[in-house]
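Mapping the sequence shown onto this note's numbering, position 131 (from 1) lands on 142, and the numbers just tick up by one.
Heads up, the thing below is written out as structure tokens.
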Amino acid sequence: MSEQTEQSTDPTFGTRFKTALKNLGIGIVFLIAGLFLLWHNESRILEREQSITQAEAVLSEASADAESGAETKSAPQDTQVTTPFRWALRLGGCVILFLGLATLFKPLVVLVEKIPLIANFVGRGITVFALLSSLSLTLILISAVWMVARPVFGALMLLAGIVPLFTLYRSGRKARLKQAWKNA
């Protein structure tokens, strides 16, 4: 009985690895859910922006008609959701993407867990990779939606989304260059 208790408190490498592999599905679901949340949130904001533009056009026509004596049309109701709520949904989508990416790379962390020096670096490296990638995916998705309504704002968001990817690429390239110099 004491052997069973020891096994349940200290899972073996095989059980941790199997659990990490089973959780790959959860990571994929988190990725899809995060991307959907971000896309849905931004498309709702885009619809609101377009309805405001249409309302302004209707109001300008109505004021021109009022001056000529015609009846005025009422503007569509603005169902505005508070801006902090929209930002909370953006942040939530980014966090869900981060959790999905971190879960997808968990089997790699479990594989190198037994190597003392490498395990810590791989775990932290995957965390940084997942964080920067989720931030980049969030900004690129937001920019894709905003390119329709406000192209300049969308382009700035796209540029901000590419910067973390460029940072990851440059850090990997520097590491490869250092390794090449060391081997030469």
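Here a beta-carbon is modelled for each residue, glycine too, at the ideal position from N, C-alpha and C.
For residue i, which of the options has the nearest alpha-carbon?
i      : options                           : result
Arg97  : Glu53, Val159, Ala113 and Val133  : Glu53
Cys197 : Phe47, Ala160 and Ser71           : This structure cannot speak to residue 197, because the chain is shown only from 12 to 195.
Ser182 : Gly136, Asn194 and Val163         : Gly136
Gly165 : Tyr180, Thr178, Leu179 and Thr149 : Thr149
Within 8 Å of any Cβ in chain C, is that where the Cβ of residue i sits?
i      : result
Val106 : This model lacks chain C altogether; it includes just one protein chain.
Assuming residue i contacts residue j (C-beta within less than 8 Å), just tell me the rounded distance between them.
i      : j      : result
Ala191 : Lys117 : The pair is not a contact, with the Cβ atoms about 30 Å apart (cut-off 8 Å).
Ile107 : Ala44  : 6 Å
Leu119 : Val139 : In fact, because the Cβ distance is near 14 Å, the residues do not count as touching under 8 Å.
Quick one: residues in its chain with C-beta nearer than 8 Å to the C-beta of residue i, no 5 flanking neighbours on either side, listed in chain order?
i     : result
Trp50 : Leu152 and Val156
Leu57 : Val156, Trp157, Val159 and Ala160
Val40 : Gly111
Can you give me the Cβ contacts of residue i inside the same chain, cut-off strictly under 6 Å, excluding the 5 residues immediately before and after it?
i      : result
Phe28  : Val121
Gly38  : Gly111, Thr114 and Leu115
Glu60  : Ala160
Pro162 : none
Leu179 : Leu143
Ala196 : What the structure shows of the chain is the stretch from 12 to 195, and residue 196 is not part of that stretch, so it cannot be assessed.
Grab me the residues of residue i's own chain with a C-beta within less than 7 Å of its C-beta, minus the 5 sequence neighbours each way, in chain order.
i      : result
Pro175 : Leu143, Leu146 and Ser147
Ala130 : Val123 and Glu124
(request) Please go through the region 103 to 155 and give each complete alpha helix (DSSP H) segment of 4 or more residues, from N-terminal end onward. (result) Secondary structure within the region 103 to 155: the alpha helix (DSSP H) runs of 4 or more consecutive residues, fully enclosed, are 117 to 122 (chain order).
(message) Contact between the region 109 to 121 and the region 140 to 147 is defined here as three or more beta-carbon pairs at a separation below 8 Å; is this criterion met?
(response) Yes: at least three Cβ pairs fall under 8 Å.
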